[in-house]
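Numbering of the sequence shown is given in the working numbering, commencing with residue 3 and proceeding in unit increments.
Data first, discussion second: the structure below is written as structure tokens.
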Amino acid sequence: MVHESLRLYATNDSYTLVPYYLDPTIAAQTLVINRVSGECYLDGAIPDPTAHAESLTIYGVFGIINLLAGGYLIVITGRERIGRLGKHDIFQANQFRILPFAKNNNFLSEVQAQDEQRYLSLIESLLKSGSYYFSYTYDLTHTLQRQTQLTTKPLWQRADDRFFWNRYLHSKLIEITISNPDQDLSDFILPVMFGFVSIVFTKIKNRDMVFSLISRRSRYRAGTRYFSRGIDAEGNVSNFNETEQIVLLDPIEDGNASTSFEGKIKMSYVQTRGSIPIYWAQVINVKYTPKLQIMEFPNTLEAFRRHFDEQIRIYGDQILVNLVNKKGYESPMGEAYERAVKQLNDLRMRYYHFDFHHECSKMRWNRIQILIDTIEEELIQQGYFYADDSRHVKFQKSVIRANCMDCLDRTNVVQSNFAKWMLTQQLREAGVLSNKERIDEIESFMNIFRNVWADNADAVSFPYSGTGAQKTDFTRTGSRTKKGAVVDLQNGLTRYVMNNYMDGARQDAYDLLLGNYVVKYGVASPWIDTRSMQMKLAPQVLLACSVFLILLFIFSGGYNYYIQFAMFIDLIIIVFLLRFIFENGGEFVDWPRLVPRDYRFYQAKSSTSSYKQKTGRINDSEYGEKIELQKFE
3 MVHESLRLYA
13 TNDSYTLVPY
23 YLDPTIAAQT
33 LVINRVSGEC
43 YLDGAIPDPT
53 AHAESLTIYG
63 VFGIINLLAG
73 GYLIVITGRE
83 RIGRLGKHDI
93 FQANQFRILP
103 FAKNNNFLSE
113 VQAQDEQRYL
123 SLIESLLKSG
133 SYYFSYTYDL
143 THTLQRQTQL
153 TTKPLWQRAD
163 DRFFWNRYLH
173 SKLIEITISN
183 PDQDLSDFIL
193 PVMFGFVSIV
203 FTKIKNRDMV
213 FSLISRRSRY
223 RAGTRYFSRG
233 IDAEGNVSNF
243 NETEQIVLLD
253 PIEDGNASTS
263 FEGKIKMSYV
273 QTRGSIPIYW
283 AQVINVKYTP
293 KLQIMEFPNT
303 LEAFRRHFDE
313 QIRIYGDQIL
323 VNLVNKKGYE
333 SPMGEAYERA
343 VKQLNDLRMR
353 YYHFDFHHEC
363 SKMRWNRIQI
373 LIDTIEEELI
383 QQGYFYADDS
393 RHVKFQKSVI
403 RANCMDCLDR
413 TNVVQSNFAK
423 WMLTQQLREA
433 GVLSNKERID
443 EIESFMNIFR
453 NVWADNADAV
463 SFPYSGTGAQ
473 KTDFTRTGSR
483 TKKGAVVDLQ
493 NGLTRYVMNN
503 YMDGARQDAY
513 DLLLGNYVVK
523 YGVASPWIDT
533 RSMQMKLAPQ
543 VLLACSVFLI
553 LLFIFSGGYN
563 YYIQFAMFID
573 LIIIVFLLRF
583 IFENGGEFVD
593 WPRLVPRDYR
603 FYQAKSSTSS
613 YKQKTGRIND
623 SEYGEKIELQ
633 KFE
């Protein structure tokens, strides 16, 4: 079992982690990390607290990362108990410490020292996101259904690799454990999940119930909105999240509910979301709507196949719900996705295209029911996970894989409606609701349901887009409001600023923490600005001219010919600079420095065609008859 709390003792030569035990007769196996050599090993000796320069209580080892100055130990120093699932406490990590192995970094050059500080700042910014959850006894990386098939291996060993967010940072301790049976460090290896967890204890019709929602974000192809799109050669897609809705109940025995809640009846319903699984990108260029690129690579169908082979292996048959627009800017994406599904021709996949913005325009959000009605038979056959003490077990046989362009706003609204529909079926089977009752009718619970799903929307959105989700007024209240539309506009503008001018650094943080970029000593600084001088100076000159124009306007004390002429010249310069910046927009956005994005230089084979210029398609052709709701197998 992973240690729940430890005392960390620091000297100039080592860090020693000593587990807390309530039973003083238990001999503690301590973990010693040599700060000079980086060696990690178990030791039975308890250090003398008076002989250590510093000591602190920690609640888990997040991992070890190597930068220019050597290794750094990342530990969890603060946690908040979110709630309990069965007998298992679930925590959110809210404070971290980054402890250097090296006593100082005086051996680094000035440039290296600056780079080291940038690396540390990136790590710290991502650790402060508040999206890390863990349990010492419960495997948060697996659904209830998958847990029925797990063995009693150590927590890290049975964790779902996709959602073991700090797997790379624990690679050193894992390698030692695998290679040396006498040095089993499993009790110090704490798998941490990145995403969202909510656990609410409530009542429905005098039945105690735990309602929980868990979203697990994949560590593969993780990143920010415009720097992580589509698929990679291994079949991983951007912004992939598995969302599990859990309900725990106790059975009615002899006509009476249990006096103490145990959660003997366990039910869950799982959905997934992820970027459209083809090669595509939106190339930011300081314009509000980035340039859409659909890349036609020879291995596109193979990557597409790998993605769905993995989906089917884990979840069963696939119900694909595509929510992008059928007309305009987004339409090439929907057509490319549909074409790939037809080419794959797998009977285990059913595809539905629901134009969310068209169907629900003018705040007609009740029309989501059209989609639910269309796939209701699929939902009935899909089922859900159900288990109780009488060994009655049902399994979910398929999964909805939903997407829009970002897999954030529209996707969350639709997923919450599917989850609500399925929750009604579950509570009917458990005897909480009659066969004619719907969960919508229990308003006290629906307030909880809506807010939990809206919180989930924000939690999934922030790491990817930089803001909370849009359309959450509908998720929270059940109706669309004008105030919500204003908030969405504000979020849209904030996303524009972050995606163009801040997301490069956020993407670097993901790539660094997840091991996509490994820091190497002696390599040139990744932050060297190789742009031409005019590219570097253009924004600064624009800012100076704008300030000068404002000052002339405010402090001129009256207009005369010379002031008007100066303002006219200044305005011409501003217009020229703005045009220059928009024409060369890609040079003025914040691109990732650690793992460069090559798609901005991709050239289509038919890049000069007027058809491509109008549609954004690369080597595309007119395809298929358009209908309001498309389905095929």
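No residue lacks a Cβ here, since even glycine has one placed at the ideal position from N, Cα and C.
The DSSP-derived three-state label of Glu246 is strand. The secondary-structure analysis by DSSP pairs Asn324 across a beta bridge with His355 and Asn405. When only Cα atoms are considered, Ser214 and Pro598 end up about 39 Å apart. Contact between Gln295 and Trp282 is confirmed by a C-beta separation of about 6 Å, below the 8 Å threshold. In the three-state reduction of the DSSP assignment, Thr204 falls in the strand class. Of the candidates Val326, Leu322 and Phe358, the residue whose Cα lies closest to the Cα of Ile377 is Leu322.
Asn562 counts as exposed, since fewer than 16 other C-beta atoms from the protein chains shown sit within 10 angstroms of its C-beta. Within the model, the alpha-carbon separation for Thr477 versus Asn419 is close to 9 Å. Looking from the CA of Pro102, the closest CA among Asn68, Gly88 and Leu128 belongs to Asn68. A Cβ-Cβ distance of about 4 Å is found for the pair Phe242 and Ser220, placing them in contact under the 8 Å criterion. For Gln320 and Phe306, the gap between their C-alpha atoms comes out near 13 Å. By the neighbour-count definition (other C-beta atoms within 10 Å, threshold 16), Tyr23 is an exposed residue. In the structure shown, the three-state DSSP call for Asn68 is strand.
By alpha-carbon distance to Ile78, the top candidate from Phe93, Phe98 and Val521 is Phe98.
Residue pairing by DSSP places Gln94 opposite Glu82 and Tyr135 in a beta bridge. Take Tyr498, set aside five residues on each side of it, and the residues of its chain with a beta-carbon closer than 8 Å to its own are Tyr290, in chain order.
Annotated as distal: Ile206 and Val454, with beta-carbon spacing of 8 Å or more.
Here DSSP, grouped into helix, strand and coil, assigns Glu445 to helix. For Cys547, the enclosing alpha helix (DSSP H) begins and ends at Met535 to Phe557.
For Ile60 against Leu10, the beta-carbon gap comes to about 5 Å, under 8 Å, which counts as contact.
Counting along the chain, no beta strand (DSSP E) covers Arg366, and no H or E run does either.
Here Asn347 is exposed. Its C-beta has fewer than 16 other C-beta atoms within 10 Å. Rounded to the nearest whole angstrom, the CA to CA distance from Leu187 to Gly330 is 55 Å. The continuous beta strand (DSSP E) containing Met211 extends over residues Arg209 to Arg219.
A contact is defined here as three or more CB-CB pairs under 8 Å, and the region 184-198 meets this definition with respect to the region 164-172. Residue pairing by DSSP places Glu56 opposite Ala12 in a beta bridge.
A residue is called buried when at least 16 other Cβ atoms come within 10 angstroms of its Cβ; Lys268 meets this threshold and is buried.
In the three-state reduction of the DSSP assignment, Pro334 falls in the helix class, which pools H, G and I. In this model, Ile450 and Glu41 are separated by some 49 Å (Cα to Cα). Short of 7 Å from the beta carbon of Thr413, and not among the five residues preceding or following it, lie these beta carbons of its own chain, in chain order: Arg275, Leu325, Ala404, Asn405 and Cys406. Boundaries for Val285: no alpha helix (DSSP H) harbours it, while the beta strand (DSSP E) harbouring it runs Trp282 to Val285, taken from the DSSP string. When only Cα atoms are considered, Asn502 and Val521 end up about 25 Å apart.
If one requires a minimum length of 3 residues, no beta strand (DSSP E) run lies completely within the region 168-205.
Assignment of Ala161 by DSSP, reduced to helix, strand and coil, places it in the coil class.
Secondary structure at Asn36: strand, using DSSP grouped into helix, strand and coil.
Ile180 and Asn458 have their C-alpha atoms spaced approximately 36 Å apart.
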